[in-house]
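Let me begin by presenting the structure, written as structure tokens, before commenting on it.
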Amino acid sequence: MGRRLSGKCKTAGGWAMLTYHPVNGKLYNVVSDEHAMGLLWMATPLVVIDVYEHAFYIDYHNRKAEYVENFMDHIDWSTVNDRYRAASA
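Counting in the numbering used here, the sequence shown runs from 77 upward without gaps.
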């Protein structure tokens with residue numbers, strides 16, 4: 077799951093999210109490139125990363141992939157699992 081989300085982040089502009097959909101019980105990696113678009117209906121965000129240029133450019137310049145990899149390396153997957161369990165309960 078992490079590698080798929082990472083791949084979406086590297087090519088996206090906006091927000092990349094791992095979400096849980098309670099109706100069908102599936103996980104989705106989604107990208108939102110609009111500030112005012114909001115969340116998908118009935119989707120619970122489990123991991124969210126800001127991949128707009130302002131989020132990484134000062135520290136990483138044009139090295140977006142490095143920013144994403146560092147973010148992914150620091151995800152506490154036990155916390156994500158706790159969020160998933162709470163959302164799917």
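Every residue, glycine too, gets a C-beta built ideally from N, C-alpha and C.
Between P121 and T155, the gap from beta carbon to beta carbon reaches 7 Å or more.
Taking a C-beta distance under 7 Å as the contact criterion, Y136 and E129 do not qualify as a contact pair. Residue range E129 to Y136 is occupied by the alpha helix (DSSP H) that includes I134, with no beta strand (DSSP E) assigned at that position. Our two residues, M118 and S164, have alpha carbons roughly 12 Å apart in a direct line. Across the structure, K140 and Y133 are spaced so that their CA atoms are roughly 8 Å apart.
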